[in-house]
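Asks:
Numbering (this note's numbering), first residue to last: 160 to 721.
#1: Let's see if you can read the secondary structure: which residues bound the alpha helix (DSSP H) around residue 609?
#2: Can you tell which of 295, 341, 332 and 367 has the C-alpha that lies nearest to the C-alpha of residue 357?
#3: Let me confirm a value: residue 531 is counted as buried when at least 16 other C-beta atoms fall within 10 Å, else exposed. Which label applies?
#4: Do you know offhand how far residue 647's Cα is from residue 569's?
#5: Please look up how many angstroms separate the CB atoms of residue 682 and residue 636, rounded, as I've assumed it's under 8 Å.
#6: Excluding five sequence neighbours on each side, which residues of the same chain lie with their C-beta closer than 6 Å to the C-beta of residue 108?
#7: Per the DSSP calculation, residue 626 is bridged to which residue(s)?
#8: Could you pull the start and end residues of the alpha helix (DSSP H) that residue 334 belongs to?
#9: Taking one C-beta from the segment 248-258 and one from the segment 686-695 each time, how about it: are there three or more such pairs within less than 8 Å?
#10: Please confirm whether any heavy atom of the ligand NAD lies closer than 7 Å to the CB of residue 202.
#11: Going residue by residue through the segment 250-307, where are the continuous alpha helix (DSSP H) segments of at least 4 residues, counting only ones entirely within it?
#12: Please report the distance separating the alpha-carbon of residue 247 from that of residue 620.
#13: Just how far apart, CA to CA, sit residue 321 and residue 332?
#14: Using three-state DSSP, classify residue 374 as helix, strand or coil.
#15: Measure the alpha-carbon distance for residue 596 versus residue 372 and round it to whole angstroms.
#16: Counting only the same chain and skipping the five closest in sequence on each side, list residues whose C-beta sits under 8 Å from that of residue 269.
#17: Do the segment 454-470 and the segment 295-308 touch if we need at least three Cβ pairs shorter than 8 Å?
#18: On a CA-only basis, which of 390, 474, 719 and 651 is nearest residue 661? Give me that one, please.
#19: Around the Cβ of residue 427, are there at least 16 other Cβ atoms within 10 angstroms (buried) or fewer (exposed)?
#20: Which word fits residue 692, buried or exposed, when buried means at least 16 other C-beta atoms lie within 10 angstroms of its C-beta?
#21: For my contact list, residue 458 and residue 505 are in at a C-beta cut-off of 8 Å; report their separation, rounded to the angstrom.
#22: Starting from the C-beta of residue 211, find all residues in its chain whose C-beta is less than 8 Å away, skip the five residues before and the five after it, and write them out in chain order.
#23: Considering only residues of the same chain and omitting the five flanking positions on each side of residue 557, which have a CB-CB separation below 6 Å?
#24: Look at residue 362 and residue 395 and say whether their C-beta atoms are less than 8 Å apart.
#25: With residue 511 as the anchor, note down where its alpha helix (DSSP H) starts and where it stops.
#26: What is the rounded straight-line gap between the Cα of residue 711 and the Cα of residue 432?
#27: Do you know how far the Cα of residue 219 is from the Cα of residue 260?
#28: In its own chain, which residues sit with a C-beta less than 6 Å from the C-beta of residue 202, not counting the 5 before and 5 after it?
#29: Run through DSSP, which three-state label would residue 433 get?
#30: Which value, in whole angstroms, describes the spacing of the CA atoms of residue 390 and residue 344?
#31: Just to confirm my understanding: we take residue 398, look at its own chain, exclude 5 residues before and 5 after, and list those with CB closer than 7 Å. What are they?
#32: The alpha helix (DSSP H) spanning residue 761 covers which residue range?
#33: Using DSSP with H/G/I as helix, E/B as strand and the rest coil, what is residue 657?
#34: So, helix, strand or coil for residue 642, using DSSP?
#35: Report the three-state DSSP secondary structure of residue 110 (helix, strand or coil).
#36: Closer than 8 Å by C-beta to residue 705: which residues in its own chain qualify, once you throw out the five before and the five after it? Chain order, please.
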């Protein structure tokens, strides 16, 4: 048995000796800890366990559940109870852009019949695996394990969306698998089956959230080109197998729903907002993060600089993918949830920093100390969250909404955080919309209601209530009427057409505007008619490819629902 003893004579803390001691100490941390003269596996286990405990703490105190998540949960609930993939059970409409996430939750919801804890547990599990994948790439370098953990734990955006009920945790896992393999030497780009691996992971990422494919495209194109140069063929068979889940999903979507893309795509992009206005909105999105979560954009910028300074093409291609995605954020006007679109680029940037790992002992110490001080001094840092998070920050002039961007967790914290959970509160999350939905469900009537917030309301009202959404997120007709910009980017208000509510009540299309009535006739056939009829498929082609698939012009408004 080897013992490690520091003799009193060695403990000379004169300035020069102390400096030498520090350099030696941090060199020993940065080296492979297998060479340390004590049981390295116990030390490594202790360090990782400590960070895992810290992550559990951060996950709990920053936990929340977004209203948008309950939009998906309603569809899952209807699906599990035999109504099909429908939001309002009267029509086949798919809303969100994360089918893989929806099906993953559905598997566990089938057994639990409960979305809140089920989704939080899944989110925690996926986020934890991501953490372990990053630690594995740090090998046994304690300083890198510490740095990577603190970087992830310091980002408000990253930690906020470890929960929330949205698809981010699954994106984290798949992204970490793809880029740790691509960047850390195991890519084996010329190996016969590497194309199958990378394209399969990228396809799963795409099905988790459609627009994230922009991040992977440069790397995929390079891998395809490299494979062709080596083997003289494109390996179309393996590519076909890899992308088949996405192809099958779109074929199913077109057949069942009648459209390639989810309804939210048409609702959010069918507006009169100019490209210039959207770009300015993108700047507001970046600005909000710089003020309230500065570590996130700073680390993304650092990752970009590291990638461009690298002599390896793989880092450069990764950075190009990040830049594509950031430009896309500007093009669409970003999102109303602060930081949501930055989470995956942030994770990739942390992976790039780990890959770079050419930081001196002093530099590593400085980074770690900076992150500790940052978390102490930054009001909205994940470590500073608690039960009173909303109380501490809701007085700010920019909360909850500033220029179309909001700290969404701040808004929902008291109503949906684990810290505020009480088994005697029903329903939970405890929002007024949840209570309104439960009242409708208890009334046990086939009601029709009009609202602007449909997540909690929709889930807790049950399947028999038909909800008309002012923003058009769940409504196939309103999504095709140009929306009016509101405070929340992506939420574009639509006035209810005269006769539309009566059409839902009677089951007969009696919309007063002739052109709008004709459009709704086609939509009704596509979303409610039998799947395989010539008339339906003719309308499917028109509504997907015809220039008149969106309504343009004025129409008579039902003034009862302004």
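Beta carbons: idealized from backbone N, C-alpha and C, even for Gly.
Replies: The structure says:
#1: No alpha helix (DSSP H) holds residue 609; the beta strand (DSSP E) holding it covers 607-610.
#2: 341
#3: exposed
#4: 15 Å
#5: 6 Å
#6: Absent from the model: residue 108. The displayed extent of the chain is 160 to 721, so no value can be given.
#7: 608
#8: 327-342
#9: yes
#10: The ligand NAD is absent from the structure shown, which contains no ligands of any kind.
#11: 258-271 and 275-296
#12: 11 Å
#13: 11 Å
#14: helix
#15: 36 Å
#16: 239
#17: no
#18: 719
#19: buried
#20: exposed
#21: 6 Å
#22: 287 and 290
#23: Residue placement at residue 557 is flagged as unreliable, the pLDDT there being 45, under the threshold of 50; a coordinate-derived value is accordingly withheld.
#24: no
#25: 502-515
#26: 14 Å
#27: 21 Å
#28: none
#29: coil
#30: 20 Å
#31: 354 and 358
#32: Because residue 761 is not part of the residues shown, which for the chain are 160 to 721, the question remains open.
#33: coil
#34: strand
#35: The requested residue 110 does not occur in the structure, where the chain is confined to residues 160 to 721.
#36: none
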